[in-house]
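In the working numbering, the protein residues as written are 7 to 79. As structure tokens, the structure follows; a few thoughts come after it.
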């Protein structure tokens, strides 16, 4: 799904293109960290550490989660 207007998409692409590689990299890291914080905040606080990591993995990497955290049953 893409609900971004073409002119806004072009503006954002131009802004990223104008950044140095280091700035783009650091921006990506900050964006990922923010996304992870949102995911962590949405997970029940009473889970075990393992279950918490499993839930974070499922939300961020759904296609890999079952390989990383195979079902214990």
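Just so you know, even glycine gets a beta-carbon here, dropped at the ideal spot from N, CA and C. Keep in mind the model is a prediction, meaning the values are calculated, not measured.
Simplified DSSP assignment, three categories, for residue i
i, result
"residue 37", "helix"
"residue 12", "helix"
"residue 32", "helix"
"residue 50", "coil"
"residue 44", "helix"
"residue 76", "coil"
Same chain, Cβ closer than 8 Å to residue i, neighbours up to 5 away in sequence not counted
i, result
"residue 12", "none"
"residue 53", "61"
Close-in-space but distant-in-sequence residues of the same chain around residue i (CB under 6 Å, 5 per side omitted)
i, result
"residue 60", "75"
Cut-off 7 Å between Cβ atoms - residues of its own chain near residue i, not counting five sequence neighbours on either side
i, result
"residue 58", "49"
"residue 22", "30"
"residue 73", "none"
For residue i, the first and last residue of its enclosing alpha helix (DSSP H)
i, result
"residue 62", "55 to 66"
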